[in-house]
Every structure is written in C-alpha cells, then in structure tokens.
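Q: Have a look at the structure that comes next, please.
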Amino acid sequence: MKKLYSLWAVLFFAVLATAQIQVSVQSPGVYKITYGAANDYSAYDPGFGTATFYVHTWVQAGQNSANILYEDAWSNSNVTMNWDSAANAYVGYVNLNSKLFTNSNNTMPASTTVTQLNFVFKDLQNGATKQSGDQFTTLSTTTLGSLSAVDTSKQKDSSFVVEGKLYTSKKGNLEISVFDFNGRLIKTQNTNADGNPIELNIPQKGNYILSVSDKNIRETIKFRY
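According to mature numbering (1 follows the signal peptide of the UniProt record, and there is no 0), the stretch in the sequence shown is residues -19 to -1, 1 to 206, in order.
Below is the structure:
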C-alpha cells in the first residue's frame, strides 16, 4: 500500500534479508524488530543519541485471515523502537494480540493469521519530520493466540492460570514460556506435567501471555497475576 504522506521515495526491503533491519516472531502474534545491530542506518537515520523513535504499522486485508485492513493513523503511532545497549541496536515489539490500530480503530481477533506486517520508521508520534521508506516482513507468518478468558466449566481440556499457577489437562513433557504484553520473554521452563498445578514463579504482578506446548499442540493463554 503506497503511503501518500511519504517524504521520500518509497523503498521496499525484504527485512529478513537485510543487515540493518531484522524481524522475528517472538511468540504467537508478537513481532520483534531489531534495527542497526550491524551499525548500518541507511534505511533510517535516527540521529546521534536518539533513545526512541516510532513505528507506523499496517496490515492489508489480503495479508491476514480476517480479510480486514488494520492501519495506524499517521498522527498516532503507538509502537516505539528503543535503544537496547545489550543488543547494541534499536529494538521494538509489535504485539498483534493487544495492539490497537489507531486509524482503522480495531484490534485483531484471536487466532488471526498474519502473513505480512508493514511498517515505517519515523521520528514523531504524531507525524514525522523524517521517516524511512515502507518496510515489510517476509517469511514471518504468525497466528495470534487464543486470548479469550477460559470458562473451565465448558472447556475442560483448556489450560488456565490462577494465582500464578498453571492448571492444565496436558500430561508429560511441556515447554512453558511467559511473555509480557510487549512480547518480551519473562521466563521459560520445561516440566513433566502430572495433573497437579504448575507453579510459574512469576517475579512480579502484571498482565502476561503464556504459551504451553507439547509435541502435538501449542496453547496460548492471556492472564493477570
């Protein structure tokens, strides 16, 4: 989708194939964008000492299974890229499980599959005095988690979290990962489930997304602790 407000000629990047911009799927529905790790700022120059810049995002109707346009308003971009000294790069997260697209004023329903995320780097939240060309992900299909509250009286086979403990009917070896709503990995653990509650040992109160998987299936749960 061509941006009519572009300040520069539109440039397209297959971001997984470039040195300066790398995109990966961190968990179901969560993209991590890393920029500048190779000390290459040719796609967008944030300026010396800039700690934060903004990411304008959109997903076209043909790029998601809901077949709906999801788009930010140019005057209201709510995703940021922040300098990460450990990564020696700017890092940002686009969490499609919870993100409000500010122009189309919608959020993606649970279990939506997204085949491409489009974005533009820019210097201002409410517009831009400088910006990158249009960027897009490739080879980064993701399916959002099922984030609705679990009614255990009707879904006996569903997993759920209460007071920091995971209750699941799954048995055997499980891989459990907990993410915050920005897509950052809080902790991961492997456990041999035997039907008893599993203590997650989450370090602090907040809203989280839990992914629990075995060799056959992955389940995603939103919970508050």
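Cβ atoms here follow ideal geometry from the backbone N, Cα and C, with glycine treated the same way.
1) How is A91 classed by DSSP in three states: helix, strand or coil?
2) Among V142, E200, R199, T31, which one has its Cα closest to the Cα of N188?
3) If we count the other Cβ atoms within 10 Å of its Cβ and call it buried at 16 or more, is F82 buried or exposed?
4) So V40 and V95 are supposed to be a Cβ contact under 8 Å. How far apart are they, rounded?
5) Mark Q185 as exposed unless 16 or more other C-beta atoms lie within 10 angstroms of its C-beta, in which case mark it buried.
6) For residue 211, collect the residues of the same chain with a Cβ closer than 6 Å to its Cβ; drop the 5 residues on either side in sequence, then sort them by chain order.
7) For D65, I'd like the list of residues in its chain whose CB is within less than 6 Å of its CB, leaving aside the five on either flank, ordered along the chain.
8) Using the C-alpha atoms, what's the distance from P27 back to L191?
9) Could you spell out where the beta strand (DSSP E) holding N171 opens and where it closes?
10) Look at the alpha carbon of D115 and the alpha carbon of N107, and state the distance between them as a whole number of angstroms.
11) Just how far apart, CA to CA, sit A54 and H37?
12) In the DSSP assignment, find the unbroken beta strand (DSSP E) run with S79 in it and report its ends.
A: Well, looking at it:
1) DSSP, read as helix, strand or coil, puts A91 in coil.
2) Ranking the options by Cα distance to N188, first place goes to V142.
3) The residue in question, F82, is buried, as its Cβ has 16 or more Cβ neighbours within 10 Å.
4) Correct: roughly 6 Å between the Cβ atoms.
5) Per the 10 Å Cβ criterion, exposed.
6) Because the chain spans -19 through 206 in this model, residue 211 falls outside it and cannot be assessed.
7) Beyond the five residues adjoining it in sequence on each side, D65 comes within less than 6 Å, by CB distance, of V72 in the same chain, given in chain order.
8) So the two alpha carbons sit approximately 34 Å from each other.
9) First-last of the beta strand (DSSP E) with N171: 166 to 174.
10) In a straight line, the C-alpha of D115 is about 17 Å away from that of N107.
11) Rounded to whole angstroms, A54 to H37 spans 8 Å at the Cα level.
12) Where S79 is concerned, there is no enclosing beta strand (DSSP E), because DSSP gives it neither an H nor an E.
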